[in-house]
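Q:
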């Protein structure tokens, strides 16, 4: 099993001008992979990133960030088109960086206005399927897979559980589209995180290991042994990535509602989490 | 152990004109207590409610609802005063109805604008303490206890965990102020729900049993055996109340972010939950 750390643990927005040394730092902490949150692709020099990662033998993963204005199911066609263009940029970046997946909730902006009723909600999911179909094809042509992340109810009304994620994949009908599961969201939404992972099966393309309070994995209530057993059962061989968020950057702490210290330092969170995950998956 | 059901499972806003028959319904379902969400006290005829409950031998509990505009730590003194007046109304209602506690997050509105930084956040908690001090005294004079409910990070930035709740109680320094814990919020925020209950100890005045997905208790991931053991350890003898929310009333479903069906019916949710809790606490 490969282990990764998301740049959000330390930086937001990640830029190669300001944060390229994170690549060395993540390698030194003992991770195999750095997952880069592409908040603003213009801030990321792909060649510099690829070179630095290759230099320390670190893999690179691409993850999308879908804040306000980046909504694939917006009523505004221009916003939909811009969001699709953003996803294509991420796919191109993934192809350039050797990232096998592009993760994140590409189906709709985090914190978007909820649909007015279940019918309108289904219409938005149908729209997501229509928008995702050409994007999945685009990814497939470049040897990349799109992995959609279900989020908890406070962050989206569209895809909260694996069952809904699988229905969306089914509607798109592409082998290049699957799921990106995150233990934090599953802990809140699924009746059984292990069963949810098993239901995802070979549609599980990417995995985030996050504690229920967004602190170091292993220190909280996530059902880790059940999660690990289910990942083994479905033969998941992709990376397991720790995601948390720096409390130093107010806008991101606010976006994910982190209001208290979750570790003595972000390095400690990453280090403790990695030690725990290595033990868990041994 | 006494078991209760919150009116939010079926109605919002609860009014005696429209929903008095819920009293009989909750009794027929086998509960000992009905917890009434006082969204709008003007809609609740206390004599009618007390009479109907006495008629079927059901206890009544009072729970506050702190939507927008009902913020005890508002920057607007008029809003603070109106919120304090609301809490006094709830205390009076509790005294009239024989409810030993007034539950809910009285310290601040659900979904309020988060404080700009930790210092501002602590100032709001200090303001909450100052506002709660006379309210706790008012409650004590009427033989009622105020129970503050920590909420998850998506609903408040002020009190997410027991440790913060206890600090607020400590700052107020009244024997009539304690905590109202809810398994849903603890599942998301505490590192160990059992340890959190033990930390609350005799400050635990009220308890909500809610599944991690707000469905029927017992069908999800809440660490029920650990919760039950901790309640026994601290000698909790108050009622255990099931809270969920009717998906039929859009405004409340939206306020608590319920976007999918969590049970075949609200009655089934209540019935299944009660059966499970009775088994758990046997």
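Residue numbers (our numbering), protein chains in the order written: chain U, 990 to 1271; chain Y, 990 to 1271. Don't be surprised by glycine CBs; every beta carbon is placed ideally from N, CA and C.
1. Can you pull the chain Y neighbours of residue 1248/U, defined as C-beta to C-beta under 9 Å?
2. Would you mind telling me which residues of chain Y sit closer than 8 Å to residue 1210/U, beta carbon to beta carbon, in chain order?
3. Could I get the ranges of all uninterrupted alpha helix (DSSP H) runs contained in the stretch 1027-1091 of chain U, with 4 residues as the minimum, in chain order?
4. Determine the extent of the alpha helix (DSSP H) in which residue 1258/Y is found, giving its start and end residues.
5. For chain U, find out if any of its Cβ atoms is closer than 9 Å to the Cβ of residue 1204/Y; answer yes or no.
6. Chain Y partners of residue 1134/U, CB-CB under 9 Å?
7. Can you have a look at residue 1250/Y and say buried or exposed, based on whether 16 or more other CB atoms are within 10 angstroms of its CB?
8. What's the call for residue 1239/U, buried or exposed, on a 16-neighbour Cβ count within 10 Å?
9. Cβ atoms of residue 1088/Y and residue 1045/Y: under 9 Å apart, would you say?
10. I'd like to confirm the pairing. Which residues does DSSP put opposite residue 1171/U in its beta bridges?
11. Quick check on the DSSP output: the alpha helix (DSSP H) that includes residue 1322/U runs from which residue to which?
12. Could you pull out every unbroken beta strand (DSSP E) segment of at least 3 residues lying fully inside the stretch 1125-1176 of chain U, listed in chain order?
13. Going by the beta-carbon positions, is the gap between residue 1297/U and residue 1200/U smaller than 9 Å?
14. Listed from N- to C-terminal order along the chain, which residues in the stretch 1231-1262 of chain Y have their beta-carbon within a distance smaller than 8 Å of any beta-carbon of chain U?
15. Counting contacts by CB-CB distance shorter than 9 Å, is residue 1113/Y in contact with chain U?
16. Are the C-beta atoms of residue 1159/U and some chain Y residue less than 9 Å apart?
17. Return the first residue and the last residue of the beta strand (DSSP E) that residue 993/Y is part of.
18. Starting from the Cα of residue 1187/U, find the closest Cα among 1198/U, 1155/U and 1076/U and give me that residue.
19. If I measure Cβ to Cβ from residue 1033/U and keep anything under 8 Å in the same chain, skipping five residues before and after, which residues do I get?
20. Which residue or residues does DSSP assign as beta-bridge partners of residue 1023/Y?
21. Do the CB positions of residue 1086/Y and residue 1124/Y come within less than 9 Å of each other?
22. For residue 1062/Y, I'd like the list of residues in its chain whose CB is within less than 6 Å of its CB, leaving aside the five on either flank, ordered along the chain.
23. Would you mind reading off the limits of the alpha helix (DSSP H) that contains residue 1005/U?
24. Can a CB atom of chain Y be found closer than 9 Å to the CB of residue 1024/U?
25. Since residue 1219/U and residue 1183/U should fall inside the 8 Å C-beta cutoff, what is the C-beta to C-beta distance between them, to a whole number of angstroms?
26. Check this for me: beta carbons of residue 997/Y and residue 1267/Y, under 9 Å apart or not?
27. Residue range of the alpha helix (DSSP H) that residue 1222/U falls in?
28. Residue 1270/Y: which of 1054/Y, 1103/Y, 1213/Y and 1009/Y sits nearest, CA to CA?
29. Checking contacts by CB at 9 Å: is residue 1200/U closer than that to chain Y?
30. Buried or exposed, going by whether 16 or more other CB atoms sit within 10 Å of the CB of residue 1178/U?
31. Could you check whether the Cβ of residue 991/U sits closer than 9 Å to any Cβ belonging to chain Y?
32. Would you kindly check if the distance between the Cβ of residue 1137/Y and the Cβ of residue 1167/Y is under 9 Å?
33. Just reading off the alpha helix (DSSP H) that residue 1182/U is part of, what are its end residues?
34. Skipping 5 residues on each side, what residues in its chain have a beta carbon closer than 6 Å to that of residue 1264/Y?
A: Answer, in terms of the structure:
1. To locate residue 1248/U, count along the first chain from 1; it is residue 259. Residues of chain Y passing the Cβ test: 1103, 1104, 1107, 1110, 1142, 1145, 1146, 1147 and 1149.
2. Taking the first residue of the first chain as 1, we reach residue 1210/U at position 221. Scanning chain Y for C-beta atoms nearer than 8 Å to the C-beta of residue 1210/U yields 1176, 1179, 1180, 1181, 1182 and 1212, reported in chain order.
3. 1035-1045 and 1066-1086
4. Here residue 1258/Y corresponds to residue number 269 of the second chain, with the count starting at 1. Start and end: 1255-1269.
5. Taking the first residue of the second chain as position 1, residue 1204/Y is located at position 215. Yes, because at least one Cβ of chain U sits closer than 9 Å to the Cβ of residue 1204/Y.
6. In the first chain, the residue the question calls residue 1134/U occupies position 145. Result: empty, since nearest Cβ-Cβ is about 27 Å, beyond 9 Å.
7. Position 261 of the second chain holds residue 1250/Y. With fewer than 16 Cβ atoms within 10 Å of its Cβ, residue 1250/Y is classed as exposed.
8. As a first step, residue 1239/U must be located in the first chain, where it is residue number 250. That one is exposed.
9. Here residue 1045/Y refers to the residue found at position 56 when the second chain is read from its first residue. Here residue 1088/Y refers to the residue found at position 99 when the second chain is read from its first residue. No, these two residues do not count as a Cβ contact at 9 Å.
10. Taking the first residue of the first chain as position 1, residue 1171/U is located at position 182. 1197/U.
11. Since the first and last residues shown for chain U are 990 and 1271, residue 1322/U lies out of range.
12. 1134-1137 and 1166-1171
13. No answer is possible for residue 1297/U: it lies beyond the span of chain U, which begins at 990 and ends at 1271.
14. 1239, 1243, 1246, 1247, 1248 and 1249
15. The residue you call residue 1113/Y lines up with position 124 of the second chain. Closer than 9 Å: no.
16. Translated into the one-based positions of the first chain, residue 1159/U becomes position 170. No - not a single Cβ of chain Y is within 9 Å of the one on residue 1159/U.
17. As a working note, residue 993/Y is residue 4 in the second chain. 992-995 is the span of the beta strand (DSSP E), which, as asked, contains residue 993/Y.
18. Along the first chain, one-based indexing puts residue 1187/U at 198. Residue 1187/U has its Cα closest to that of 1155/U, out of 1198/U, 1155/U and 1076/U.
19. To locate residue 1033/U, count along the first chain from 1; it is residue 44. Cβ within range, chain order: 1003, 1004, 1005, 1025, 1027 and 1082.
20. Within the second chain, numbered from 1, the residue matching residue 1023/Y stands at position 34. Looking at the DSSP assignment, residue 1023/Y forms a beta bridge with 994/Y and 1049/Y.
21. Position 97 of the second chain, counted from the first residue, corresponds to residue 1086/Y. Position 135 of the second chain, counted from the first residue, corresponds to residue 1124/Y. In this structure, residue 1124/Y does not lie closer than 9 Å to residue 1086/Y by Cβ.
22. Along the second chain, one-based indexing puts residue 1062/Y at 73. Here the set comprises 1097, 1113, 1116 and 1117.
23. Taking the first residue of the first chain as position 1, residue 1005/U is located at position 16. Start and end: 1005-1008.
24. Numbered from its first residue, the first chain carries residue 1024/U at position 35. So no, residue 1024/U is outside the interface.
25. Counting from 1 along the first chain, the entry for residue 1219/U is found at position 230. Counting from 1 along the first chain, the entry for residue 1183/U is found at position 194. Indeed they touch by this definition, with Cβ atoms about 4 Å apart.
26. Locating residue 997/Y in the second chain gives position 8, where the first residue counts as 1. Locating residue 1267/Y in the second chain gives position 278, where the first residue counts as 1. Against a cut-off of 9 Å, the Cβ pair of residue 1267/Y and residue 997/Y comes out as no contact.
27. Sequence index remark: in the first chain, residue 1222/U carries index 233 (1-based). From DSSP, the alpha helix (DSSP H) with residue 1222/U extends over 1213-1222.
28. As a working note, residue 1270/Y is residue 281 in the second chain. The candidate whose alpha carbon is nearest that of residue 1270/Y is 1213/Y.
29. For the purposes of this step, residue 1200/U is taken as residue 211 along the first chain, with counting starting at 1. Taking a beta-carbon distance threshold of 9 Å, residue 1200/U counts as an interface residue toward chain Y.
30. Here residue 1178/U is taken as the residue at index 189 of the first chain, counted from 1. Classification of residue 1178/U: buried, given that the 10 Å Cβ count is 16 or more.
31. Indexing the first chain from 1 puts residue 991/U at position 2. No, no contact with chain Y.
32. Within the second chain, the letter at position 178 stands for residue 1167/Y. Within the second chain, the letter at position 148 stands for residue 1137/Y. Result yes, Cβ atoms of residue 1167/Y and residue 1137/Y sit closer than 9 Å.
33. Here residue 1182/U corresponds to residue number 193 of the first chain, with the count starting at 1. From DSSP, the alpha helix (DSSP H) with residue 1182/U extends over 1182-1189.
34. One-based indexing of the second chain puts residue 1264/Y at position 275. For residue 1264/Y, where only same-chain residues beyond five positions count, there are no Cβ hits under 6 Å.
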